[in-house]
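Asks:
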Amino acid sequence: SKLVLKDPDLFRQANRVGAEWVQAASGKTIAVKNPATGEVIGHVPSLSREEVRQAIEAAQAAQPAWRGLLAKERAAILRRLFNLMMENADDLAAIMTAEQGKPLTESKGEIAYAASFIEWFAEEGKRVYGDMIPTFKQGSRILVMKEPIGVFAAITPWNFPAAMITRKAGPGWAAGCTGVIRPASQTPFSALAIAVLAERAGMPAGVCNVVTGSAKEQGEELSTNPMVRKLSFTGSTEVGRTLLAQCAGTIKKTSMELGGNAAFLVFDDADLDAAVTGAMASKFRNTGQTCVCANRIFVQDGVYDAFAEKLKKAVEALKVGNGMEQGVTQGPLINADAVAKVEEHIADATAAGAKVLTGGKRHALGGNFFEPTILTDVPVTAKVLKEETFGPMAPLIRFKDEAEGIRLANDTEFGLAAYFYARDVGRIFRVAEALESGIIGINEGIISTEVAPFGGVKESGLGREGSKYGIEDYLEIKYCLIGGV
Ligand code: ADP
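Under full-length UniProt numbering, the residue at position 71 of the sequence shown is numbered 76, and the numbers go up by one with no gaps.
1) Taking all protein chains shown into account, do 16 or more other C-beta atoms lie within 10 angstroms of the C-beta of V49, making it buried, or fewer, making it exposed?
2) Throw me the rounded Cβ distance for the G420 and E441 pair, which I believe falls under 8 Å.
3) Taking only the alpha-carbon atoms, compute the straight-line gap between W26 and G211 and give it to the nearest angstrom.
4) Since H48 sits in a beta bridge, which residues does DSSP pair it with?
5) Alpha carbon to alpha carbon, how far is R301 from L89?
6) Going by DSSP, name the residue or residues bridged to T381.
7) Would the beta-carbon of F375 fall within 8 Å of that of V344?
8) Thinking C-alpha only, which one of G130, L323 and T161 is nearest P108?
9) Kindly list the residues whose CB is nearer than 6 Å to the CB of E481, restricted to its own chain and excluding five residues on each side of it in sequence; keep chain order.
10) Which value, in whole angstroms, describes the spacing of the CA atoms of R367 and V361?
11) Cβ-heavy atom distance between K257 and the ligand ADP below 7 Å?
12) Report, in whole angstroms, the separation of the C-beta atoms of E308 and L277, which I expect to be a contact under 8 Å.
13) Run the CB neighbour count on E470, radius 10 Å, all protein chains shown included, and call it buried at 16 or more, exposed below.
14) Mapping the DSSP letters down to three states, classify D136 as helix, strand or coil.
15) Thinking A200 and Y479 are a contact (beta carbons under 8 Å), I'd like their distance in whole angstroms, please.
16) The ligand ADP and G184: does the residue's C-beta get closer than 7 Å to at least one heavy atom of that ligand?
17) What are the start and end residues of the alpha helix (DSSP H) that includes C252?
18) Taking all protein chains shown into account, do 16 or more other C-beta atoms lie within 10 angstroms of the C-beta of S145, making it buried, or fewer, making it exposed?
19) From E62 to I451, what distance separates their C-alpha atoms?
20) Checking the sheet assignment: what are the DSSP bridge partners for R367?
21) When you compare only the Cα positions, how much space is there between R290 and C298?
22) Which residues in the same chain have their Cβ closer than 8 Å to the Cβ of A354, if we skip the five residues on either side of it in sequence?
23) Start and end of the alpha helix (DSSP H) containing L86?
24) Leaving out the 5 sequence neighbours to the left and right, which residues in its chain are closer than 6 Å to F122 when beta-carbon positions are compared?
25) Would you mind giving the Cβ-Cβ distance between R21 and A198, rounded to the nearest angstrom? I have them listed as a contact below 8 Å.
26) So what's K318 in DSSP terms, helix, strand or just coil?
27) How about T363 and G336: are their beta carbons less than 8 Å apart?
28) Are residue 492 and G47 closer than 8 Å when you measure CB to CB?
29) At a threshold of 7 Å, does V244 count as lining the ligand ADP (C-beta to nearest heavy atom)?
30) Could you tell me the alpha carbon to alpha carbon distance between E111 and Q294, rounded to whole angstroms?
31) Within the present structure, is the beta-carbon of S53 separated from the nearest heavy atom of the ligand ADP by less than 7 Å?
32) Taking 8 Å as the limit between beta carbons, can you name the residues of its chain near L202, skipping five residues before and five after?
33) For the region 419-447, list the alpha helix (DSSP H) runs that are entirely contained and at least 4 residues long, ordered along the chain.
34) Below 8 Å on the Cβ atoms is my contact criterion, and I expect T217 with T161 to pass it. Report the Cβ-Cβ distance as a whole number of Å.
35) For the region 121-138 against the region 188-198, do three or more pairs of beta-carbon atoms, one drawn from each stretch, fall closer than 8 Å, so that the two count as touching?
36) According to DSSP, what are the bridge partners of A98?
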């Protein structure tokens, strides 16, 4: 079960700082495990705070030359990186499945999705237009320029080991910024492989730095070092709050993609088969470990039983196993804590009267595997309505009418994604407008794409990633008043 790659050089057990591939001076490393087997697949350095500072300095040193290139020149390098990611998709996907656990087909999908941000922003970088504003004063002109903000830091989670890197670094690099990337300790090899390809694409040293090590120490340095002008984070609301507070000291611009608690509503007028397909995609993709996974499935009275029955059939057709194996659709959870959380949510809901329609316990495969689960008659007081399960458990909650559905869906401090299935066009507008959420899937369960803005409202975060909006977070506006004309 050793990781076999066409190009073993992509598997880098080192960090990228400036022009060097480095180890920690202390010699400290972190072991990375395959969540499907528990085997150690490799080690990455655990850089000290001082070494992270050196990475920030390398990024700062690379700034003038990188921002000084023509946008078209940066775009050419990014385009080469996109091509290299696609050409090496099989290896990148194998690395991802080994460290993250998701089925190989999902890993391949993520590599294409990750590469798409590099492609998109290579193009968008050429269209960072300023403004000429009609002046307020004779003999003067008003010019507005957009400039790269400077060094960015990107702190990313383990659930999308490649896409969360490129969704941040893509617009950053395209805008003319240089950066320091800190991937999650569970999944560092995908990020390091991208850094290998960035080097091959001709990206100058210092533009792409990747560090691994203690989250708390490195996070403190990245969020307090005055050279870092922008911090982009994807992860939990709890950690986001801490980073935001730490960024306050040096007034950094931030993007925060935080926790979700997505509502998925099925109305009486929905196409039920489509709703089942959407619910399966939204709930069970990545074994339920995405921040836009349906966490609360609200089904209207008139279709509740029929929907539950159809969903049960679909869930029972899922195949649980090692993501490297053909036909597997559900990989393991990331670790034992993740398994415990699913178990806890099921115990809490069933104690309050919920029934297990299918699944409900650890999988016979053992380890981090869990049975895809549906709970019915889940009371609105259950824990799962308040916090993300982040696992393969679909709780079905009954509602009576549109107003109640909307009220239940909005009854959370989060607001990242929401989904609903309905055919009535009036209802589609009413519900879309009423849901407090940054992203809404209407008769669709998969909403992620590089061409549309991804991000949340309320405590789900700040800023938007992807689309024409995504590059704005890496730009500063400079207003010049020119007199004496
Ligand atoms: P997740 O549930 O996705 O692991 P976290 O918010 O715990 O969510 O982690 C997201 C990323 O933030 C990971 O890379 C993690 O290592 C990092 N992280 C965790 N704690 C801190 C911290 N105190 N400061 C900076 N980064 C942190």
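We put the CB at the ideal spot given by N, CA and C, even for glycine.
Predicted model only: the values in this text are computed from it and were never measured.
Replies: On the basis of the supplied data:
1) buried
2) 5 Å
3) W26 and G211: Cα-Cα distance of roughly 11 Å.
4) A36
5) 39 Å
6) K360
7) yes
8) L323
9) Around E481, the same chain offers E152 and I154 as residues with beta carbons nearer than 6 Å, after the five sequence neighbours per side are excluded.
10) 13 Å
11) no
12) For the record, residue 308 in the displayed sequence is Val; it is not Glu. About 6 Å; that satisfies the 8 Å criterion.
13) With 16 or more other Cβ atoms inside 10 Å of its own Cβ, E470 counts as buried.
14) strand
15) Going by Cβ atoms, the distance from A200 to Y479 rounds to 19 Å, so no, they are not a contact pair.
16) no
17) T242 to A253
18) exposed
19) 39 Å
20) F375
21) A straight-line Cα-Cα distance of about 8 Å links R290 and C298.
22) Sequence-distant Cβ neighbours of A354 in its own chain, meaning closer than 8 Å and more than five residues away, are L380, V383, P384, A387, K388, V389 and P400.
23) A76 to E92
24) Once the five neighbours on either side are set aside, the close Cβ partners of F122 are T171, R172, G175 and E455.
25) No, R21 and A198 are not in contact; Cβ-Cβ is about 11 Å, not under 8 Å.
26) For K318, the three-state secondary structure derived from DSSP is helix.
27) no
28) In this structure the chain extends from 6 to 490, so residue 492 is not present and cannot be described.
29) yes
30) 12 Å
31) In this structure, S53 has its beta carbon at no less than 7 Å from each heavy atom of the ligand ADP.
32) L15, L86, L89, M90 and N93
33) Runs found: 430-439.
34) 11 Å between Cβ atoms; not a contact.
35) no
36) Paired residue(s): none; A98 is not in a bridge.
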